[in-house]
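Protein chains in written order, with the working numbering: chain X, 29 to 371; chain A, 164 to 514.
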C-alpha cells in the first residue's frame, strides 16, 4: 500500500513538472511575441538576432531599453501577485480572496499617491522609495482589515474579511478621489494611469527596485509551503501536528501583503491576478502548496505578460493599461467562480 | 432566509409589522424633513462662490428680474443644481430601499450592486459612438446599462448553489463594477473621451441644466409614485416569500415592477450625477431605525432624507475647497464606508 501511495505521489509530481514546463514554454512564446509587438514591429528573427548581439543599434535600443524591462517587470509582477493571492486564499480558506478585492492594493496605491501629491514622482531615489511606501500602505490596510474582521472567539471569518475588504477599498478610493484635487495636471495624469494599472516602471531601475523584495518574500513563502499545507487542514489538526498556528499565519500574511504591496508600487492597480493565477494552478496540479505555489507564480506571470502584450497590440498605437485588460479577463472568471463557490 | 425556515402565521406577522412601525415618528420625519429640505435648498442656493442674500433668492424665484446678475446666477446655475441634487438623492435612496426590501438584503445599494457602473458604461458607449445624443437618449441608455449590471449580478447570484446571499451579491457587484469600469476606461482611452467621462465618474450635479430637470422630473415622479403604490407589497415581501404568497401577493409581478422602478430611479440618477454609491445603503437603514419596518413609511421618508443628504453633500462639495469642487461621490463614501463596515461586522446573523 505504501508503494501505491508513493506511486500516486510520483505521478502527481511528474504532472506538476509537466504543467510547469508547459507554462514556461508558453511564457517564452509570449515573451518572443511581446518582443516583436509594439509601435515598431520587429520580426521574431530580428528579435532573436538582436538578443544574441546582432541587429542594428536602433533595434538594440528598442529591445533592451524599452521592451525587455517592461516584459521582465510584467513577469515579476504577475508572479508576485499570484503567489500573494495563493497565500491569502490558503490562509483565509476562501477561494475568492485576492489582494485587489481585499483592498490591499488600494492601500498601497493611497500611499503612492500621497507621496506623488507631496513630492514629484520624478524626484531622485523615489523609484526605490515607492516600493517601501507601498509596502507600508499595504501593511496598514491589512492590519485595519484584520482588526475589523477579527472577532473574539470566532477568529477570522473569511466572508466578513471579504466584506470588510470591499468596504475598506471603497473608502480608500474615495480618499484618493479627494486627493486628486490637489494634483496638477501632470501629476493627475500619472496617478490616473497608475490607478488604471498601467505598468509605468519601464526601465531597468524599476526591475532593480522590485527584485529585492521578490527575492526576500518568494523563497520565504515557498519555504513555508509545507506549513501552508498543514494550515489548510484546519486549526485543530494543525495544532495537533505541532504548528504554531497564529505565528505562522501572521508571518505568511505579512509576506503575502508585502509581496502585493511591492508589486503594486510598480504596476499600479492591477486586480484579479491573485485570483486567477492560483485558481488555474489549483485546477491543474491540485492543492499541494509545494507545486501549487510555483505553478501559481508561472500562471500569474503568463497572465500579466499576455495582458500587457494585448494592451499594447489591440488598439495600436494607443496603449491600454494592463490593469484594464486583466480586469476584462478576470472579472468574468471571478463571476464564474462566484457562481460555483459556496460562499 | 430566516422566516422561510420558520413558518409563521401570516396574520401575526403582519400585526408584528404594524406594532414595529412608528407612524408618528414617520409623520414627524416627513413634515420636519420637507421643511428642512426647503430650508437646506434655499441655503444651498444662497451659498456659493458668490454669496447671495436669502431675500434675493426669494425674489429671483418669485419676482424674476433678468437685469440682475444675482437673479441670473440663481435661475441658471444654482436652482437647477440644487433641484437636481434633491431629485438624485431621493432616487438613490428609494432605489436602495426597494432593493433592500425585495431581496431582504441589508447590503443592497445601487452602487455596490453594479447598477451605477453599468449605467456609467452605457454613458461611455454613448459618448463614444453617438456624441450628439440628446439627454433623453443618454438617460434611456443609462437605464439599459443599469439593467445589464443588475441582470448580471442577480443572474450570478440566483443561479449559484447557495442562492442569493448578501455576501454573494456584494462580491458579484464588486466584480461587475470592476469589469464595467475597466471597459469604460478602455472605451475612454480609445475614443479619447476621458475628459467627458471623468465628469460623470467623479459624480457631481454642477452642470445640471433645466432641460435635464424637465426630462428626469416626470420619470422620477412617476417612479416614486409607483414605489409608494408598491410599498405595501414590498413590506410583505420583506417578511419572506412564503408569507407574502400566503397573503395573496403575486411575488413575481411585484418583483418585476420593483426592479423596473429601481432601474428607472438608478438610471436617471446616474445620468445626472454620475456614479454615487452608498446613498441607497445609508438612508434606508437610517429610516428603518427611525420609523420601523413598514415600507409605506420607509419609502417616502427615505426619499426626503436622501434628498437632504445629497443637497447637503453638494453644498459641502462646494464649500470644502472653493473654488474647486470636491466630488460628491467621494464625500458620501466618507460617510458610507464606515457605515458599510459597521453593517458588515455587526449584522452577522442576517448575512
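Here a beta-carbon is modelled for each residue, glycine too, at the ideal position from N, C-alpha and C.
- Residues of chain X with a Cβ closer than 8 angstroms to the Cβ of residue 330 (chain A) are, in chain order, 187, 190, 191, 371.
- The three-state reading of DSSP puts residue 179 (chain X) in strand, counting E and B together.
- A contact between stretches requires three or more CB pairs, one per stretch, nearer than 8 angstroms, and the stretch 252-260 of chain A meets this requirement with the stretch 434-450 of chain A.
- The DSSP-derived three-state label of residue 64 (chain X) is helix.
- A straight line joining the alpha-carbon of residue 386 (chain A) with that of residue 333 (chain A) spans about 25 angstroms.
- Counting other Cβ atoms within 10 Å of its Cβ, residue 81 (chain X) stays below 16 and is therefore classed as exposed.
- Proximity of the stretch 477-494 of chain A to the stretch 189-209 of chain A meets the contact definition, three or more beta-carbon pairs being nearer than 8 angstroms.
- A direct Cα-to-Cα measurement between residue 59 (chain X) and residue 500 (chain A) gives close to 42 angstroms.
- When Cβ-Cβ separations below 9 angstroms define contact, residue 353 (chain A) makes contact with chain X.
- Closest option to residue 295 (chain X), judged by alpha-carbon separation, among X:40, X:101, X:54, X:361: X:101.
- For a cut-off of 8 angstroms, the C-beta gap from residue 323 (chain X) to residue 332 (chain X) is around 15 angstroms, too long to register as a contact.
- Secondary structure note for residue 256 (chain X): its alpha helix (DSSP H) is the uninterrupted segment 253-260.
- Put simply, of A:502, A:509, A:489, A:413 the residue whose alpha carbon is nearest the alpha carbon of residue 203 (chain X) is A:489.
- For a cut-off of 8 angstroms, the C-beta gap from residue 318 (chain A) to residue 275 (chain A) is around 17 angstroms, too long to register as a contact.
- With a 10 Å radius around the Cβ and a threshold of 16 neighbouring Cβ atoms, residue 252 (chain X) comes out buried.
- When only Cα atoms are considered, residue 256 (chain A) and residue 498 (chain A) end up about 15 angstroms apart.
- Residues of the stretch 342-359 of chain X whose Cβ lies closer than 9 angstroms to any Cβ of chain A, in chain order: 342, 343, 346, 347, 348, 349, 351, 352, 353, 354, 355, 356, 358, 359.
- Ranked by how close their Cα comes to the Cα of residue 208 (chain X), the residues X:156, X:140, X:260 have X:140 in first place.
- By the 16-neighbour rule on beta-carbons within 10 angstroms, residue 265 (chain X) is exposed.
- DSSP, reduced to helix, strand and coil, places residue 144 (chain X) within a helical segment of the structure shown.
- Residue 305 (chain X) sits close to residue 113 (chain X), with the two beta carbons spaced by under 9 angstroms.
- When C-alpha distances from residue 41 (chain X) are compared across X:318, X:147, X:357, the shortest belongs to X:318.
- At a cut-off of 9 angstroms between C-beta atoms, residue 322 (chain A) counts as an interface residue with respect to chain X.
- Taking residue 301 (chain A) as the centre and dropping the five residues before and after it, the same chain places the C-beta of 286, 289, 434 closer than 8 angstroms to its C-beta, in chain order.
- By the CB criterion at 9 angstroms, residue 302 (chain X) and residue 116 (chain X) fall inside the cutoff.
- Measuring C-alpha to C-alpha distances from residue 270 (chain A) to each of X:191, X:156, X:85, X:77 identifies X:191 as the nearest.
- If you check the CB distance, residue 256 (chain X) and residue 119 (chain X) come in under 9 angstroms.
- By the Cβ criterion, the stretch 456-465 of chain A is in contact with the stretch 390-401 of chain A, since at least three pairs of Cβ atoms, one from each stretch, lie closer than 8 angstroms.
- In the displayed model, residue 403 (chain A) falls within coil according to three-state DSSP, outside both helix and strand.
- Between the beta-carbon of residue 467 (chain A) and that of residue 185 (chain A) there is about 16 angstroms, and that puts the pair past the 8 angstroms contact cut.
- Residues of the same chain with a CB within less than 6 angstroms of the CB of residue 284 (chain A), apart from the 5 flanking positions on each side, are 308, 343, 346, 347 in chain order.
- Those residues of the stretch 257-274 of chain A placed with their C-beta closer than 9 angstroms to a C-beta in chain X are 270, 274, ordered along the chain.
- Taking all protein chains in view, the Cβ of residue 237 (chain A) is crowded by 16 or more other Cβ atoms within 10 Å, so the residue is classified as buried.
- Short of 6 angstroms from the beta carbon of residue 241 (chain A), and not among the five residues preceding or following it, lie these beta carbons of its own chain, in chain order: 208.
- For residue 70 (chain X), the CB contacts under 8 angstroms within the same chain, skipping 5 residues up- and downstream, are 63, 64, 78, 87, 90, 91 in chain order.
- About 7 angstroms separates the beta carbons of residue 492 (chain A) and residue 205 (chain X), which is inside the 8 angstroms limit, making them a contact pair.
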